[in-house]
Amino acid sequence: MALTVGAVEMVLSGEVTSEKDMNMNPVLQVKKVSLVSINDVDEPRYIVVVSDGRQSVKAVLAKTLIGFVKENFIKVGSCVRLTQFGSQMHRERRFLYVVQLEVIHDLPTLDDAMSIESGELMSSVPESPPDSPEEGEILQNAISKNDASAEMKTFREALGDAKRFIHHTKYSKDEIRATIRVLNRQIDKLNRCWDDFSGVHEGLNGIHKAERPQSDDSEELSCDQLRVIAHSLLKFLEKNTLKAFATAFSPYVNSVVPSEESIRALQAAQAVLLDGGTSVYSVLHGGWDCKEHSEDEDEVFEW
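Each position in the sequence shown, counted from 1, maps to that position plus 13 in our numbering.
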């Protein structure tokens, strides 16, 4: 097994993500680990510098990976295989966001070598039962070991962070407005995901779409008004959109007999949930405004 030379450039350009190419799992080496306080009220986050042997980049580790750093599985010299990852724009710059990875243990440093011996792997996704019946419908997948449990868990944790973010008075109007935009975006994307899937299969019902509460993010509104709107949207997303999404996809994700249709459903659910968790985290912890920006500049994200 070798480092995936050129992977950093492809990820930063947006050419490769785990959503676009589910078979692309770049192997990188950890060069530096830093603990960074992004928001005073949040648990500090870990930033790692990873290298593909040619180029290095800073990457934000998802909250679910904090334990891997604390237990010294992720450290300088470690080799990791990214299994779920993506990049986000921040002030016209891209940074890498890692949701899941595998750690290759007990290997020599790669400072002077370009290849590594195969070693024991530890997955960042624990095998655990779902947290609720609604999650269970989509999380318990009989198709294969690759299910949507990790993506759903990350997405729900991101929504939990959003709830705390909305209610904390230290954040500015612009930050709350960005939160409203990203919640609106997730509602649209979850609904669109089912519409796209059901649109190519005859006889499938449309997803139940309840009336969305006010979603105005106008600058003229007061901070308190924006917080009320954000809170209502978050509640609607959790109690209506996400529940309807899970109910619609569950018969296909849980299909006893694997089929092209069920596999396509699983991949669609995984992709939209991964994007959702990444997008929400990027607004809350990365300062992303959830607006469309030019992607001409692909410099490494700097904290």
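The C-beta atom is built at its ideal place from N, Cα and C for all residues, glycine as well.
This one's a predicted model, so the numbers in the text were calculated from it and none came from an experiment.
On the CB-based measure, 16 or more other CB atoms within 10 Å of its CB, does residue i come out buried or exposed?
i	result
V112	buried
S231	exposed
R194	buried
H180	exposed
V70	buried
V24	buried
E148	Unreliable positioning characterises E148 in this predicted model, as indicated by a pLDDT of 34, which lies under 50. The coordinate reading is nonetheless provided below. When all chains shown are included, E148 counts as buried.
S275	buried
H298	buried
S100	buried
Q227	exposed
D229	exposed
E28	exposed
V49	exposed
Taking Cβ positions, are residue i and residue j nearer each other than 7 Å?
i	j	result
A191	C303	yes
T96	G290	no
V63	L41	yes
L247	I200	no
L114	D65	no
F258	L196	no
L239	I189	yes
C236	K186	yes
Y59	V82	yes
Relative to the C-alpha of residue i, which residue among the options is closest?
i	options	result
E89	L78, S47, P57	The question names Glu, but residue 89 is Val in the sequence shown. Nearest of L78, S47, P57 to V89, Cα basis: S47.
N38	V21, S26, V49	V21
S211	V61, Y265, K183	Y265
S162	T77, S295, K44	T77
G173	A243, L239, K83	A243
F262	Q227, R240, Y184, D209	D209
R359	T254, I79, K176, F98	Since the first residue of the chain shown is 14 and the last is 316, residue 359 is not available in this structure.
G80	R107, V296, E273, V116	V116
P57	K44, Q68, L74	L74
F178	V293, L25, K45, Q68	V293
S295	T260, K252, R107	R107
R225	Q283, S245, V61	S245
L279	M165, K176, K256, K45	M165
Q283	W301, N85, W207	W207
K45	A72, K176, R94	A72
K256	S91, R169, R67, S272	R169
S26	L109, A175, A281, V61	L109
V285	E273, R198, T260	R198
V241	V93, W301, A175	A175
On the DSSP bridge list, what partners appear for residue i?
i	result
L95	L114
L48	Y59
V43	V63
Q101	F108
L74	V111
S69	S64
Hey, which unbroken runs of the alpha helix (DSSP H) at 4 residues or more fall wholly within the segment 224-295? Counting only runs of 4 or more, we get 236-249, 255-266.
Enumerate, from N- to C-terminal direction, the unbroken alpha helix (DSSP H) stretches of 4 or more residues contained entirely within the segment 160-191. Taking only runs of at least 4 residues, the alpha helix (DSSP H) segments lying wholly in the segment 160-191 are 162-180.
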